[in-house]
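*Asks:* Residue numbers (our numbering): 9 to 279.
Just so it is clear, CB atoms sit at the ideal spot from N, CA and C, and this is done for glycine as well.
Structure provided below as structure tokens; questions to follow.
The following block contains the structure:
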């Protein structure tokens, strides 16, 4: 699977230290997602023993960047990667990187949704936790230090590219939210739900932008009950006009940025 990593700088050059950190972090984030998809495991370190590896290819004209390839020499894993295909895998990569940054990703295909469902809940939790640490912390080195966006694209044909995600200065901020224990009551509908982990996106009544949600570890019984209730809400609202949407009364605390902006609700109750 070939990808382009582009640092959008007009100078066609970038500070070496931060540039290498960004390249290393972004490529490791991609490698970790691919590894989780085809092995249902997440390695803690990238070593020569890893079954899924990154390979630097070539640079290209324009904004500073390079082409790299993620793959494996294991016959069974190589066959699985080929069956999934670049288009579907790129959507899965975008989904998990967006989840780690508390962002909404574009709509997923049926195939991409199925691939995510096939990854165990434990592996998904470990993967997102890993992405939020060194891979994405390093990947946003250039955006946070110099303000240049970093764009990750996959090759879907000889000349065709599909954007996976753009990392910006805001991406760095999203990696260090603080828990706010103030209890909030609101009405919302569910717009996306990961049935394995219980994480998803919700839309508060009267708002236009969705927000991530999940559950504190102490609320396992709520998580189990919520999966059914939230799944039913998602299904019921799918395909009908917004004036007919059904809303759920929710009780939650939150994760917030320094500005006070809420990027995730931690649900403790609902009706």
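State the start and end residues of the unbroken beta strand (DSSP E) segment that holds residue 78.
*Replies:* The continuous beta strand (DSSP E) containing residue 78 extends over residues 72-80.
*Asks:* What residue from 256, 62 and 216 has the CA that sits closest to residue 36's CA?
*Replies:* 62
*Asks:* Does the beta-carbon distance from residue 101 to residue 172 come in below 9 Å?
*Replies:* yes
*Asks:* Ends of the alpha helix (DSSP H) at residue 104?
*Replies:* First-last of the alpha helix (DSSP H) with residue 104: 94-108.
*Asks:* Please state whether the Cβ-Cβ distance between residue 11 and residue 160 is less than 9 Å.
*Replies:* Yes, the pair counts as a contact, with Cβ atoms nearer than the cut-off.
*Asks:* Would you mind reading off the limits of the alpha helix (DSSP H) that contains residue 189?
*Replies:* Here residue 189 belongs to no alpha helix (DSSP H); instead the beta strand (DSSP E) covers 186-201.
*Asks:* Can you tell me the Cα-Cα spacing of residue 150 and residue 194, whole angstroms?
*Replies:* C-alpha separation (whole angstroms): 38 Å.
*Asks:* For residue 191, which residues in the same chain have their Cβ closer than 8 Å to its Cβ, ignoring the five residues on either side in sequence?
*Replies:* 259, 260, 261 and 276
*Asks:* Following the continuous beta strand (DSSP E) through residue 139, name the residue where it begins and the one where it ends.
*Replies:* Unbroken run through residue 139 is the alpha helix (DSSP H), 129-140; no beta strand (DSSP E).
*Asks:* Do you know offhand how far residue 200's Cα is from residue 32's?
*Replies:* 31 Å
*Asks:* With burial defined as no fewer than 16 other Cβ atoms inside 10 Å of the residue's Cβ, what is the status of residue 107: buried or exposed?
*Replies:* buried
*Asks:* With burial defined as no fewer than 16 other Cβ atoms inside 10 Å of the residue's Cβ, what is the status of residue 155: buried or exposed?
*Replies:* exposed
*Asks:* Measure the beta-carbon distance from residue 96 to residue 120 and round it to whole angstroms, keeping in mind my assumption that it falls under 8 Å.
*Replies:* 5 Å
*Asks:* Do you know offhand how far residue 239's Cα is from residue 197's?
*Replies:* 10 Å
*Asks:* Residue 179: which of 58, 43, 105 and 53 sits nearest, CA to CA?
*Replies:* Nearest C-alpha to residue 179: 105.
*Asks:* Out of 86, 94, 265 and 137, point me to the one whose CA is closest to residue 186's CA.
*Replies:* 265
*Asks:* Decide if residue 272 is buried, meaning its Cβ has at least 16 other Cβ atoms within 10 Å, or exposed.
*Replies:* buried
*Asks:* Compare the Cα-Cα distances from residue 214 to each of 251, 223 and 204 and report the closest residue.
*Replies:* 251
*Asks:* Note the first and the last residue of the continuous alpha helix (DSSP H) segment covering residue 39.
*Replies:* Here the alpha helix (DSSP H) through residue 39 covers 24-47.
*Asks:* Could you work out which residue in 169, 253 and 51 is closest to residue 210 when comparing CA atoms only?
*Replies:* 253
*Asks:* Do residue 206 and residue 231 count as a contact pair if the criterion is CB distance below 9 Å?
*Replies:* yes
*Asks:* Please classify residue 59: does DSSP put it in a helix, a strand, or coil?
*Replies:* Assignment of residue 59 by DSSP, reduced to helix, strand and coil, places it in the coil class.
*Asks:* What are the boundary residues of the beta strand (DSSP E) that includes residue 248?
*Replies:* It is not in any beta strand (DSSP E) - residue 248 carries neither H nor E in the DSSP assignment.
*Asks:* Could you give the C-beta distance for residue 208 and residue 274, rounded to a whole number, given that I count them as a contact under 8 Å?
*Replies:* Not confirmed; about 13 Å, so no contact.
*Asks:* Suppose contacts are defined by Cβ-Cβ distances below 9 Å. Is residue 92 in contact with residue 45 by that definition?
*Replies:* A contact, by the Cβ cut-off of 9 Å.
*Asks:* Could you work out which residue in 49, 80, 21 and 113 is closest to residue 73 when comparing CA atoms only?
*Replies:* 21
*Asks:* Any idea what DSSP makes of residue 176, helix, strand or coil?
*Replies:* coil
*Asks:* On the criterion of 16 or more Cβ atoms from any shown chain inside 10 Å, does residue 189 qualify as buried, or is it exposed?
*Replies:* exposed
*Asks:* From 246, 136 and 181, pick the residue whose C-alpha is nearest to that of residue 40; which is it?
*Replies:* Selected option, being the one with the closest Cα: 136.
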